[in-house]
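**Student:** Here the working numbering is used: the first residue of the sequence shown is 7, the next is one more, and so on.
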Amino acid sequence: MKYDLTQPCPDCPFRTDCREGWLGGDRAAEIAQAITQHQQTFTCHKTLPESANSQHCAGAMILLERLNRPNQMMRIMERFGGYDRARLRMDAPVFKSVAAFIRHHN
Numbered sequence: 007m008k009y010d011l012t013q014p015c016p017d018c019p020f021r022t023d024c025r026e027g028w029l030g031g032d033r034a035a036e037i038a039q040a041i042t043q044h045q046q047t048f049t050c051h052k053t054l055p056e057s058a059n060s061q062h063c064a065g066a067m068i069l070l071e072r073l074n075r076p077n078q079m080m081r082i083m084e085r086f087g088g089y090d091r092a093r094l095r096m097d098a099p100v101f102k103s104v105a106a107f108i109r110h111h112n
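#1: Tell whether a beta-carbon distance below 8 Å holds between residue 88 and residue 18.
#2: Take the Cβ of residue 14 as the centre, count every other Cβ of all protein chains shown within 10 Å, and call the residue buried at 16 or more, exposed below.
#3: Please classify residue 42: does DSSP put it in a helix, a strand, or coil?
#4: List the DSSP bridge partners of residue 47.
#5: Can the beta-carbon of residue 108 be found less than 8 Å from the beta-carbon of residue 35?
See the structure below:
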């Protein structure tokens with residue numbers, strides 16, 4: 007997985023301007039728990055997870071950085087030069103909290 011994306015794609019579920027409720031509250035809670043509590047990565051839906059070119063979701067990375075909780079792979083990739091948090095578009099329309107993300111999709 008690569009960590010090159012710097013801004014969320016137009017259909018990113020972490021965008022504040024995505025369609026309300028399209029993930030469903032249960033799925034949003036499951037994703038939020040996976041990335042914040044279980045240190046899991048979240049592949050951008052525009053890339054194939056099986057591909058060598060799969061990318062970590064920029065929206066998820068921005069949310070995690072806003073929470074000051076980058077996941078373990080983000081930290082490892084940063085040490086090896088494969089991720090640079092300074093390149094993220096922190097002004098992108100991404101949720102500022104897990105609660106707001108879940109509420110939007112509920």
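Just so you know, even glycine gets a beta-carbon here, dropped at the ideal spot from N, CA and C.
**Tutor:** Considering the structure as presented:
#1: Not a contact, by the Cβ cut-off of 8 Å.
#2: Residue 14 should be labelled buried.
#3: Helix.
#4: Answer by DSSP bridge pairing: none, since residue 47 is not bridged.
#5: Yes; because the gap between Cβ atoms is below 8 Å, this pair is in contact.
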